[in-house]
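**Q** Take this structure, written in structure tokens, and hold onto it; I'll ask about it next.
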Amino acid sequence: MSPAQTAAVIDLAAASDASEHRPLIISLFAAFVVATLCITVWAGRQTKSAADFYAGGRQFTGFQNGLAISGDYMSAASFLGIAGAIALFGYDGFLYSIGFLVAWLVALLLVAEPLRNSGRYTMGDVLAYRMRQRPVRTAAGTSTIVVSIFYLLAQMAGAGVLVSLLLGITSDAGKILIVALVGVLMIVYVTIGGMKGTTWVQMVKAVLLITGTVLITFLILLKFNFNVSDLLGSAAANSGQGSAFLEPGLKYGASATSKLDFLSLGIALVLGTAGLPHILIRFYTVPTAKAARKSVNWAIGIIGAFYLMTIVLGFGAAALLKPGDIIASNKAGNTAAPLAALEIGGGGDSTGGAILLAVISAVAFATILAVVAGLTLASSSSFAHDIYANVIRKGKATEKEEMRAARWATVLIGVVSIALGALARDLNVAGLVALAFAVAASANLPTILYSLFWKRFTTQGALWSIYGGLAAAVGLVLFSPVVSGKPTSMFPDANFDFFPLENPGLISIPLGFLLGWLGSVLSKEKPDKGKYAELEVKSLTGVGAH
């Protein structure tokens with residue numbers, strides 16, 4: 233496709249009111265949204281208690297929760313960002329697929345079962361078990377909200393790109409309006425459906441996403457006669473980079489700084505999952521620790537299969553589309569997968585191409601809605617349960633008051649996400665999610681692991697770890713090329729990128745662990761060994777778990 237043809241593709245629906253494909257695209261797109269809203273309303277009628285709102289009544293099986301975890305985890309970053317990164321940077325983009333998958337081993341081996349046994353609704357429940365409640369819950373709630381908002385940025389950016397492609401919207405005002413629409417839908421999902429509605433939406437979305445990805449993967453492989461070598465060869469030739477496209481170093485090997493950036497990214501991806509709030513709260517939706525373990529096993533299988541297919545999507549896009557055409561559609565490459573679907577279906581002038589574009593884009597949008605609902609639920613739950621009920625009301629809030637606070641928090645977080653998402657619309661969504669992973673691994677993971685496995689860990693250590701890791705990660709991001717100094721930055725015309733790496737994990741994650749240790753050994757507080765023994769028995773055996 234020439235740049236002129238690509239421009240026509242991008243304006244597919246908006247170029248003319250008489251476009252024969254526009255009604256089809258909008259109808260398929262609307263059908264996904266209406267279906268998920270119906271599920272949410274149905275589930276909302278069954279949400280009567282705090283346990284229903286926060287944990288879905290703990291009624292989901294290991295398989296159902298594994299499917300929902302997959303739906304929660306396979307975000308816009310997975311579907312759009314990774315495919316785009318591979319299409320533009322080849323081997324170096326493929327590293328996202330590996331990192332996102334390997335991270336689940338840390339979650340399975342260290343966090344899933346002990347966390348399910350030790351907590352009730354949020355991460356703050358585990359941390360506050362043997363420490364001073366109010367300061368630790370405040371810190372846990374703050375960290376949860378910040379990590380969730382970072383993750384929400386990626387989903388909002390992905391939504392803006394996706395719907396703009398579908399409807400042919402090219403103006404900045406139009407894209408911002410789309411981000412606002414996603415925010416409103418997200419607020420509706422959480423306030424009405426709670427965890428039950430969100431879980432069912434995530435399960436449906438996981439099935440749709442896997443089905444759509446299998447379809448496009450099959451069609452791409454079919455075009456190359458199921459010869460992966462031909463696919464990779466065509467991708468390398470079409471990329472203009474030759475064999476370098478299939479070798480390390482295209483993005484992360486040009487300089488010492490870029491190599492450090494790769495190391496930083498790898499650490500953040502592998503350690504971040506076990507500290508992500510919206511993943512952690514999923515372990516509370518099953519009735520037993522065994523079911524929690526089983527759900528992670530299912531999730532690893534489903535997610536592993538999906539990430540293998542993203543490799544085909546990315547290299548398929550590189551083989552079918554010119555790099556300039558992908559960048560013309562979106563600077564960060566986020567539209568590579570939908571454009572590949574359009575091309576494999578017959579191009580912009582064909583009904584097959586329009587149908588595939590509509591289906592894949594609608595599935596990706598359903599992906600975004602499900603993930604933003606999960607993120608918003610995690611952050612609003614943490615605010616209501618940790619900060620409002622246990623800090624502000626000192627444990628005296630009723631379930632009704634707690635749920636009301638969660639719903640108001642949902643609205644506020646939605647508004648903040650809309651505002652920040654509008655600024656992040658030109659950033660690669662996989663890179664944005666990697667930032668959320670870095671913040672989670674810097675602030676949450678050290679505190680969770682120390683709390684579960686180190687008897688000398690104290691309240692001061694927890695506060696130093698959470699606030700120190702959080703401040704380091706967020707501070708370094710603010711002064712990195714993600715925010716300023718590059719054409720794809722949030723503020724491309726500004727220049728305050730004093731920290732050279734795009735991901736802060738290399739500095740902020742070790743610092744979070746160091747501060748947790750240092751705060752504990754310097755603390756005058758004596759750890760409650762009896763409480764630690766109770767927590768150890770509870771986390772390992774499930775005795776007394778909710």
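Here the sequence shown is numbered in my numbering, starting from 233 and rising by one per residue.
We put the CB at the ideal spot given by N, CA and C, even for glycine.
1) Which two residues bound the contiguous alpha helix (DSSP H) that contains L609?
2) Say whether the region 371 to 385 touches the region 536 to 545, bearing in mind that this needs 3 or more beta-carbon pairs closer than 8 Å, one atom from each stretch.
3) Beta-carbon separation of E734 and P759 under 7 Å?
4) Could you please give the first and the last residue of the uninterrupted alpha helix (DSSP H) stretch that includes N297?
5) On a CA-only basis, which of N676, D729 and K763 is nearest S740? Give me that one, please.
6) Under a Cβ-count criterion, where at least 16 other Cβ atoms within 10 Å of its own Cβ denotes burial, should P509 be classed as buried or exposed?
7) Among G737, Y421, K687 and M363, which one has its Cα closest to the Cα of A267?
8) Measure the alpha-carbon distance for L451 versus V643 and round it to whole angstroms.
9) Select from L359, D304 and G298 the residue whose C-alpha is nearest the C-alpha of H748.
10) Out of A705, S721 and V709, which one is the CA nearest neighbour of L743?
11) Excluding sequence positions up to five away, which residues of its chain have a Cβ less than 7 Å from the Cβ of N459?
12) By Cβ distance below 6 Å, which residues in the same chain neighbour A602 in space, the five residues on each side in sequence not counted?
13) Less than 7 Å between CB atoms is the rule here; does I499 satisfy it with respect to chain C?
14) If you run the structure through DSSP and keep just helix, strand and coil, what is S780?
15) Could you have a look at F723 and say whether DSSP puts it in helix, strand or coil?
16) Excluding five sequence neighbours on each side, which residues of the same chain lie with their C-beta closer than 7 Å to the C-beta of F723?
17) For I532, I'd like the list of residues in its chain whose CB is within less than 6 Å of its CB, leaving aside the five on either flank, ordered along the chain.
18) How would you call R348, buried or exposed, if buried means at least 16 neighbouring beta carbons within 10 angstroms?
19) Is it buried or exposed, K756, if we count other Cβ atoms within 10 angstroms and call 16 or more buried?
20) Among R636, D618, L655 and E768, whose alpha-carbon lies nearest the alpha-carbon of A377?
21) Between the Cα of A317 and those of L746, N566, L609 and A594, spot the shortest distance and give me the residue it belongs to.
22) On the DSSP letters alone, give me the boundaries of the alpha helix (DSSP H) that G507 sits inside.
23) Going along the chain, which residues of its own chain have a beta-carbon closer than 6 Å to the beta-carbon of I410, five neighbours each way excluded?
24) Which of the three DSSP states, helix, strand or coil, is assigned to W432?
25) Among L333, T691, L312 and P719, which one has its Cα closest to the Cα of I499?
26) What first and last residue would you give for the alpha helix (DSSP H) that runs through M635?
27) Since A694 is in the alpha helix (DSSP H), which residue starts that stretch and which ends it?
28) Measuring CA to CA, which of I513, A672 and F689 is closest to R344?
29) Could you give the DSSP three-state label for K761: helix, strand or coil?
30) Starting from the C-beta of P346, find all residues in its chain whose C-beta is less than 6 Å away, skip the five residues before and the five after it, and write them out in chain order.
31) Rounding to the nearest angstrom, what Cα-Cα distance links A641 and S612 in this structure?
32) State buried or exposed for D725, treating a residue as buried only when at least 16 other CB atoms are found within 10 Å of its CB.
33) Could you have a look at E734 and say whether DSSP puts it in helix, strand or coil?
34) In or out: V753 buried (at least 16 other Cβ within 10 Å) or exposed?
35) Which residue spans inside the region 447 to 535 form an unbroken beta strand (DSSP E) run of at least 3?
**A** Checking against the coordinates, here is how it stands:
1) T583 to S614
2) no
3) no
4) G294 to Y305
5) N676
6) buried
7) Y421
8) 41 Å
9) It should be noted that the sequence gives Gly, not His, for residue 748. Cα-wise, what sits closest to G748 is L359.
10) A705
11) none
12) G303, V433, Q434 and K437
13) Among the protein chains of the structure shown there is no chain C, as only one such chain exists.
14) In the structure displayed, the chain extends from 233 to 778; residue 780 sits before or after that span and is not available.
15) strand
16) V715 and S716
17) W336
18) buried
19) exposed
20) Inspection of the sequence shows that residue 377 is occupied by Ile rather than by Ala. The shortest Cα separation from I377 among R636, D618, L655 and E768 belongs to D618.
21) N566
22) Unbroken run through G507: none, as it is neither H nor E.
23) G392 and V395
24) helix
25) L333
26) E631 to L655
27) T691 to L710
28) Residue identity differs from the one stated: residue 344 is Ala in this sequence, not Arg. When each option's Cα is compared against that of A344, the closest is I513.
29) helix
30) L684 and S771
31) 5 Å
32) exposed
33) coil
34) exposed
35) none
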